[in-house]
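If you're matching positions, the sequence shown starts at 467 in this note's numbering and goes up one per residue.
Quick reminder that beta carbons are idealized off the backbone N, C-alpha and C, glycines included.
Take a look at the structure below.
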Amino acid sequence: MSRSTIKGAASFKRLIKALPDTANKRLIGFLNDAGPVLVGVMQSQLPVLASPRPNRTAGALRDSIKYKVTPTTLNLKVGQIAKRDVLFYGHILNVGRKAKTVPIRRGPRAGATMKISALPGLYVLNRVKVKFLDGSLPGYRALLDNILTEASQGAGND
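Given below as structure tokens:
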């Protein structure tokens, strides 16, 4: 089991896995509905190229944000799931880079060195904050309350 920074996450995951199939299907449906909402939040926080170069498309990084729901673990992953190699600069924007001197390998200056400046990370690809109690995802708390009430009353136990 993977480690989590949230206290009680492991016991909550065990509780969710022990729920009946109908509850799991309702949770999967909710996560599929919540995915586009969280994608929109993350896309609104990403920077967009002000003046795109001929080989770059304005908003390509923003458009690479997708979501994926894994039904077996009931996980919702939002972020740069595909095209990570093509849009490598998304990772650099997210975590930043160190200042360093690198050798030039191509072009007329091959063999010379070039200084690369440091770039602080923006941490936008992993910064979506969702508070379940304040209505960021409407209906989530009511759905969980409903599922847990049914499970505690024995609904679905055959």
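Exposure of residue i, with buried meaning 16 or more beta-carbon neighbours within 10 Å
i	result
Phe-554	exposed
Leu-481	exposed
Ala-489	buried
Gly-474	exposed
Gly-556	buried
Cut-off 7 Å between Cβ atoms - residues of its own chain near residue i, not counting five sequence neighbours on either side
i	result
Gly-501	Tyr-533, Val-535, Leu-542, Val-544
Ala-576	Ile-570
Leu-509	Here the sequence assigns Gln to residue 509, which means Leu is not the residue at that position. Excluding residues within five positions, the ones whose Cβ falls inside 7 Å are Arg-528, Ile-531.
Cβ neighbours of residue i in the same chain (closer than 8 Å, five flanking residues each side left out)
i	result
Thr-567	Thr-579, Met-580, Lys-581, Ile-582
Ser-505	The question names Ser, but residue 505 is Val in the sequence shown. Excluding residues within five positions, the ones whose Cβ falls inside 8 Å are Ile-531, Lys-532, Tyr-533, Val-544.
Straight-line gap, residue i to residue j (C-alpha atoms, nearest Å)
i	j	result
Gly-525	Asp-499	24 Å
Asn-560	Gln-619	46 Å
Arg-607	Arg-572	56 Å
Ile-494	Leu-540	7 Å
Lys-483	Ala-565	46 Å
Leu-610	Ile-547	27 Å
Pro-518	Leu-512	15 Å
Within-8 Å CB hit, residue i to chain C
i	result
Gly-474	Any reference to chain C falls outside this structure, which holds one protein chain only.
Member of the options whose CA lies at the smallest distance from the CA of residue i
i	options	result
Lys-479	Arg-528, Leu-591, Thr-538	Thr-538
Leu-614	Ser-477, Gly-474, Leu-485	Leu-485
Tyr-589	Gly-605, Pro-604, Pro-574, Ile-558	Ile-558
Own chain, CB closer than 6 Å to residue i, minus 5 neighbours either side, in chain order
i	result
Pro-586	Gly-562
Inside the region 481-568 only - beta strand (DSSP E) runs reaching at least 3 residues: 531-536, 541-546
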